[in-house]
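First to last, the sequence lines map onto chains A and B. Numbering of the first sequence is given in the working numbering, commencing with residue -6 and proceeding in unit increments. Numbering of the second sequence is given in the working numbering, commencing with residue 291 and proceeding in unit increments. Read through the structure below, which is laid out as structure tokens, and then see the notes.
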Amino acid sequence: LPTPEDFVKDIDNGIDQDIFDINQDLGLDLFEGDIRVDGAQDRNS
Amino acid sequence: IIGDNYRWPHTIPYVLDDTLEMNAKGVILEAFERYRLKTCIDFKPWAGEPNYVLVFKGSGCWSSVGNRHFGKQELSIGTNCDRIATVQHEFLHALGFWHEQSRSDRDDYVMIVWDRIQSGREHNFNMYNDTVSDSLNVPYDYTSVMHYSKTAFQNGTEPTIVTRISDFEDVIGQRMDFSDYDLLKLNRLYNCSSSLTFMDSCNFELENVCGMIQSSEDDLDWQRVSQVSGGPENDHSIMGQCKGSGFFMHFDSSSVDTETIARLESRLLYPKRGFQCLEFYLYNSRNENEQLNIYVRDYSADDQNGSLNIVTEIKEIPIGSWQLYYVTLQATNKFRVVFEGLSIAGASSGGLSIDDINLSETRCPHHVWHIENFTQFIGNPNGSLYSPPFYSSKGYAFQIYLDLKSLTNVGIYFHLISGANDDELEWPCPWQQVTMTLLDQNPDIRQRMSNQRSVTTDPSMIDDNGNYFWDKPSKVGQVAFFPNGTQFHRSGGYGTSVFITQERLKSRDFMKGNDVYILLTMEDISHLSSTNPVPTSSVNDLCSEVTCENDGICTVQNDKAECRCPAGKDWWYMGERCEKKGSVRDTIVIAASSIAAVFGLMLIVTLVSVYCVRRKYRKKTSSNTVKTSMENSYAF
């Protein structure tokens, strides 16, 4: 018997988030999206 | 990035920080295995080397580019970053790679649509000239795991990157595995000529059949053919798509009227790790009595001819289609793999065929879910597929659910189900990592871009009803039935609705001959709960009493907690708790002071000696003068 839709937990909540989307959602503004520059995590800082 | 100082040694020291999620730790180790298989880059737990990578759970997924000689170089695998291709991507940054679309010739291949980029995020589309970044004579790569996807940093719904060849618009941004060009560049940059775990791959296209030999201890030979009248009609490598190519090995037992064997032996192989995974496709065109035996011919130091050891007997081989098989080997000496076709007398024609052999020093998947006639399920409202039940090595029963109903994405979920061992098992099920892999059936294991996701059972996880999510299925699951009518319980599924897009599923060799393979592994990763080294309860207890200062890490050696202290090129920490700092400068100062002190001492000794000698001679001279004077006075 098929399992009801709500009987599964989707760890991605239906969205295929790329690395850059994940970082943006966290409010990060890293250099080129995911590069740490010489110890400074934030490009602006 | 140009500059030798950015390179790491071929074996990169690493630390998996305790902040990492359990699933992430397992995924990182899997990513290291892909590096070991496809490149010459290896990883080892940090043992005090000057520079190492600290993988930790920071905010987001990020890395530095190249070896920055920080001593401890951080690489973050944060929430939702625990995907194998994301880890591969971040480590490629650490190894010295920028993003693919930042290379100097990118405008020849993609258009950056600046007015579709979020304001202030234009810096994400930098381009480096060829004095900063070298593409190592490798063509622009739309399939790179380092390429942005078309939606990166968009301010609306329109793509920010438009490929000049439109077919590649949905190809860019793949997060499955290294592309062929990723590997070419990495292997050029690090002068790789071999890998740690790859051993052999053979699709029998060349007449030398990869150095395989016909045994002299059998009745018949295997034949290299491109088709057989009773089947298969074509090979598995290219499915007969090219006339004049597409070969496989066939053992024709149609004329056999007694029990007959034919042995095909691989070339000599030299193991490094002591465990191997043999993978091959097998076709049975005769009857269910056909059998394939796998042996290892083991050449120990005192056995020059090699002794033949049976590994497995493959029986009940389905008739009329290529089937994928995995066999685990444990060779520690020089060895050959032996394929022995065994045919029992019978009236029917046909025989056994093998193709697309891969041998690597990796772990085989625990289970294979073979889905035939796959296309009929894609985008079908009835496209809910459940795998057969499988058991993990610990005894947990589970099932995989593949959701093909969507028109865009494919979902995959892991379910615990009720099983025969449930009363003896620990509940809620603790720290079992399930790895689900959609196999790219490229004949060469090194060129595959298989799509993989892992999930881990957290025993403390609660569902919406307040129950433990991973509790016993008979307690928290729902009633379900197998096709034969047997009733069982199935717990809630855990996985992703965006495992792969349908477009990607139809690309490469995910579907071959309308067959799809999902490889499954379920293993206990509770030993990863604490790291450095692999923990036991005593390790935790011993280290809990020790605090290492200055980023030192506690390890247990000979049942004693010790601090491993960080060190740089010209500095180091020392002492029982890494509390003292030393540096090359200190040593130079000490050496210079010592030399100065010795010089000073020698000078004083010399001066005193000179003074004493002069004084002695002066005395002697004055006494001689008196005597002379007396002599003279006497003489004159």
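Think of the CB as a built atom: it goes at the ideal place given N, C-alpha and C, for glycine as much as any other residue.
CB contact check: residue i to chain A, cutoff 8 angstroms
| i | result |
| --- | --- |
| B/Y703 | yes |
| B/G842 | no |
| B/G536 | no |
| B/S816 | no |
| B/V355 | yes |
| B/T309 | no |
| B/G463 | yes |
| B/G782 | yes |
| B/H437 | no |
| B/V788 | yes |
| B/W717 | no |
| B/E380 | yes |
| B/V345 | no |
| B/R358 | yes |
| B/W298 | no |
| B/A710 | no |
| B/N414 | yes |
Reduced DSSP category for residue i - H, G, I as helix; E, B as strand; rest coil
| i | result |
| --- | --- |
| B/L795 | helix |
| B/T665 | helix |
| B/V836 | coil |
| B/D470 | helix |
| B/T441 | coil |
| B/F538 | strand |
| B/Q737 | helix |
| B/W336 | coil |
| B/H379 | helix |
| B/P825 | Bear in mind that the predicted position of B/P825 carries a pLDDT of just 33, short of 50, making it too unreliable to give a figure here. |
| B/C855 | coil |
| B/G293 | coil |
| B/P763 | helix |
| B/Y325 | helix |
| B/L809 | strand |
| B/P885 | According to the sequence as given, residue 885 of chain B is Ile; it is not Pro. Helix, per DSSP. |
| B/V461 | coil |
| B/S638 | coil |
| B/A314 | helix |
| B/E364 | strand |
| B/L582 | strand |
| B/T453 | strand |
| B/R576 | coil |
| B/I894 | helix |
| A/F13 | helix |
Pairwise C-alpha distance: residue j and residue i
| i | j | result |
| --- | --- | --- |
| B/R411 | B/L818 | 38 angstroms |
| B/H300 | B/C330 | 7 angstroms |
| B/N663 | B/L572 | 18 angstroms |
| B/S439 | B/D420 | 23 angstroms |
| B/F415 | B/N699 | 28 angstroms |
| B/W715 | B/Q723 | Note that residue 715 of chain B is Leu in the sequence shown here, rather than Trp. If you take the alpha carbons of B/L715 and B/Q723, they lie about 16 angstroms apart. |
| B/I584 | B/Y304 | 38 angstroms |
| B/N599 | B/G803 | 34 angstroms |
| B/I929 | B/I790 | The question about residue 929 of chain B has no answer, for chain B in this structure spans 291 to 926. |
| B/D247 | B/E869 | This structure leaves residue 247 of chain B out entirely; chain B is present only between 291 and 926. |
| A/R29 | B/D294 | 19 angstroms |
| B/R949 | B/D332 | This structure cannot speak to residue 949 of chain B, because chain B is shown only from 291 to 926. |
| B/R373 | A/D5 | 11 angstroms |
| B/A552 | B/Y691 | 40 angstroms |
| B/A687 | B/I735 | 29 angstroms |
| B/N755 | A/F0 | 12 angstroms |
| B/V628 | B/F565 | 16 angstroms |
Rounded distance between the beta-carbons of residue j and residue i, thought under 8 angstroms
| i | j | result |
| --- | --- | --- |
| B/K347 | B/A314 | 7 angstroms |
| B/N757 | B/V766 | 5 angstroms |
| B/I607 | B/E580 | 6 angstroms |
| B/W352 | B/I291 | Actually they do not touch by this definition, with Cβ atoms about 16 angstroms apart. |
| B/S575 | B/P522 | 7 angstroms |
| B/T376 | A/I12 | 6 angstroms |
| B/E555 | B/R587 | 7 angstroms |
8 angstroms Cβ cutoff, residue i in contact with chain E
| i | result |
| --- | --- |
| B/T376 | The question asks about chain E, but that chain is absent: this structure's protein chains are A and B. |
Taking contact to mean 3 or more Cβ pairs, one atom from each stretch, closer than 8 angstroms, check whether the region 434 to 445 of chain B and the region 458 to 467 of chain B are in contact. Short answer: they touch.
Any chance the region 489 to 504 of chain B sits against the region 584 to 593 of chain B, with 3 or more Cβ pairs inside 8 angstroms? They do not touch, by the three-pair rule.
So, does the region 673 to 683 of chain B touch the region 611 to 630 of chain B, judging by three or more C-beta pairs under 8 angstroms? No: fewer than three Cβ pairs fall under 8 angstroms.
Would you call the region 641 to 650 of chain B and the region 780 to 790 of chain B touching, i.e. three or more CB-CB distances under 8 angstroms? Contact between the region 641 to 650 of chain B and the region 780 to 790 of chain B is absent: fewer than 3 CB-CB pairs across the two stretches fall below 8 angstroms.
Does the region 22 to 29 of chain A touch the region 804 to 812 of chain B, meaning 3 or more C-beta pairs lie closer than 8 angstroms? Not touching, per the Cβ criterion.
If contact is defined by three or more beta carbon pairs under 8 angstroms, each pair taking one atom from either stretch, is the region 332 to 346 of chain B in contact with the region 396 to 406 of chain B? Segment contact: the region 396 to 406 of chain B against the region 332 to 346 of chain B, fewer than three CB-CB distances shorter than 8 angstroms; contact not assigned.
Mind the definition here: the region 538 to 545 of chain B touches the region 628 to 645 of chain B only if three or more C-beta pairs lie below 8 angstroms; say whether that holds. Pairwise C-beta distances place the region 538 to 545 of chain B in contact with the region 628 to 645 of chain B, as three or more of them are shorter than 8 angstroms.
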